[in-house]
Amino acid sequence: WKECGGLPKVAQELGNIPKLGSLPNFYVYTDDQFGFADLLGCYKEKFGVHAWEDERMWELAQNTGALWLHMSLLRHPSRVKRPEDAKLFVVPIDAYVSFKAGTCGGIEHRERMEAALKKLS
Numbered sequence: 021w022k023e024c025g026g027l028p029k030v031a032q033e034l035g036n037i038p039k040l041g042s043l044p045n046f047y048v049y050t051d052d053q054f055g056f057a058d059l060l061g062c063y064k065e066k067f068g069v070h071a072w073e074d075e076r077m078w079e080l081a082q083n084t085g086a087l088w089l090h091m092s093l094l095r096h097p098s099r100v101k102r103p104e105d106a107k108l109f110v111v112p113i114d115a116y117v118s119f120k121a122g123t124c125g126g127i128e129h130r131e132r133m134e135a136a137l138k139k140l141s
């Protein structure tokens, strides 16, 4: 980092970021319309690599950050099982993996996105 002028200011201030345990209670939608486990299998079948390990081109792995976030939030201590106990709501839609996986389980990307929207409406 020194040869680039040092760390960005935001990286220098990492000590100011709240600890993960201090997040407000949140609810994660887990209905079938928001599931991505099947998509991961379809992605691997189509491309021969797990979505989060796909480094065939520089931008592919970075586009799967939502997967890591979703998986972390499912195990986070601030997650609540009842929506009425939550202050925040997480909608775990991974449009990138859905689009790249294409037709999966007989359902196309557009259909998955429409089903998720309908569930939230």
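Going by our numbering, the first residue of the sequence shown is number 21, and it counts up by one from there. Just so it is clear, CB atoms sit at the ideal spot from N, CA and C, and this is done for glycine as well. Just so it is clear, the structure is predicted and the values come from calculations on it, not from any experiment.
* Asked: Where does residue 46 sit, in a helix, a strand or coil, going by DSSP?
  -> Translated into positions along the sequence shown, residue 46 becomes position 26. DSSP places residue 46 in strand when its eight states are reduced to three.
* Go to residue 110, then tell me how far its alpha helix (DSSP H) extends in each direction, as first and last residue. => For the purposes of this step, residue 110 is taken as residue 90 along the sequence shown, with counting starting at 1. No alpha helix (DSSP H) holds residue 110; the beta strand (DSSP E) holding it covers 108 to 110.
* To do: Inspect the beta-carbon positions of residue 109 and residue 63 and report whether they are closer than 8 angstroms.
  => Here the question's residue 109 lines up with position 89 in the sequence shown. Here the question's residue 63 lines up with position 43 in the sequence shown. Result no, Cβ atoms of residue 109 and residue 63 do not sit closer than 8 angstroms.
* To do: Would you be able to state if there are at least three C-beta pairs under 8 angstroms between the region 123 to 133 and the region 97 to 109?
  => Judged by Cβ distances under 8 angstroms, the region 97 to 109 makes no contact with the region 123 to 133, as fewer than three pairs qualify.
* Short Cβ contact (8 angstroms threshold) for residue 54 with residue 111 -> Mapped onto the sequence shown, residue 54 falls at position 34. Mapped onto the sequence shown, residue 111 falls at position 91. Taking 8 angstroms as the Cβ cut-off, residue 54 and residue 111 qualify as a contacting pair.
* If you run the structure through DSSP and keep just helix, strand and coil, what is residue 69? -> Counted from its first residue, the sequence shown places residue 69 at position 49. Looking at residue 69 - three-state DSSP - the assignment turns out to be coil, as it is neither helix nor strand.
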